[in-house]
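Step one of this worksheet: look at the structure below.
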Amino acid sequence: MVSKSTGYLWLAKISEFIFGGTRGFNEAENRLLSFLMDSLPAQEREILSRQLLSVRLVQRQNPGKIVVAYYKSGSEVPQLPYPGDEYCLANVTYKSGGRTKTTSLVLHNGRFMTFERNVPQSLSEIEALSSVVLHPKGFKSVAQEIDAQEHGEPSE
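If you're matching positions, the sequence shown starts at 4 in our numbering and goes up one per residue.
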């Protein structure tokens, strides 16, 4: 007989196979999130924490460039007070292989949704935190850039 917890584990694995992705963030993604959490005001940190607990699927659609979080029920997930389709909550800059890299952490309609650009795939890629810049100006989504590359079109 299969235990209930083993059954849930198998169901999760089947779901990951069907939908692609994993049920949670990897260690490197969690490290970037912890850098962000340490920089947020208490109320926003609490809301983001509740959001992250509601994530049900994480897809790495273009590894190293974009990672997307999905929620089971968006209406039950609390929102941060930053509306809009794409709002860059923070740029997290870190050292990797002696180079400085920056990953954007982006909200969609007030909910954390994507890591964009220079997304580390393993914890060993993050040598040290350089900075966290909240609400950076001039954010441009990586999605259009990826789409242009996949279709052989020049990006802007």
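Even glycine gets a Cβ: it sits at the ideal position worked out from N, Cα and C.
### Task
Could you spell out the range, first to last residue, of the alpha helix (DSSP H) harbouring residue 38?
It spans 30 to 42 - the alpha helix (DSSP H) in which residue 38 sits, taken as one unbroken run.
### Distance, residue 46 Cα to residue 85 Cα
Straight-line spacing of the CA atoms in residue 85 and residue 46 works out to 13 angstroms.
### Task
Tell me where the beta strand (DSSP E) around residue 54 begins and ends.
First-last for residue 54: 45 to 56, but that is the alpha helix (DSSP H), not the beta strand (DSSP E).
#### Entry: Selection from 36, 31 and 29 that minimises the alpha carbon distance to residue 109
For the set 36, 31 and 29, the Cα lying nearest the Cα of residue 109 is the one of 36.
### Query
Quick one: Cα of residue 55 to Cα of residue 96, how far?
Residue 96 has its alpha-carbon roughly 21 angstroms from the corresponding atom of residue 55.
### Task
Please name the residue in 67, 87, 128 and 126 whose C-alpha comes closest to that of residue 145.
Nearest of 67, 87, 128 and 126 to residue 145, Cα basis: 67.
### Task
Determine the extent of the beta strand (DSSP E) in which residue 134 is found, giving its start and end residues.
Note, residue 134: beta strand (DSSP E), 131 to 137.
### Message
Once DSSP output is grouped into helix, strand and coil, what is the label at residue 11?
### Response
Any reading at residue 11 is ruled out, since the residue's pLDDT is 49, under 50, leaving its predicted position unreliable.
### Query
Count the other CB atoms within 10 Å of the CB of residue 134; is the residue buried (16 or more) or exposed (fewer)?
Its Cβ having fewer than 16 others within 10 Å, residue 134 is exposed.
### Task
Thinking residue 61 and residue 27 are a contact (beta carbons under 8 angstroms), I'd like their distance in whole angstroms, please.
The C-beta distance from residue 61 to residue 27 rounds to 6 angstroms, short enough to fall under 8 angstroms.
### Query
If you scan the stretch 86 to 116 from start to end, which runs of the beta strand (DSSP E) of 3 or more residues do you find wholly inside it?
Fully enclosed beta strand (DSSP E) runs of 3 or longer: 90 to 99 and 102 to 111.
### Task
Compute the Euclidean distance between the alpha carbons of residue 11 and residue 80, then round it to the nearest angstrom.
Confidence at residue 11 is low in this model, with a pLDDT of 49, below 50, so the placement of that residue is unreliable and no value is reported for it.
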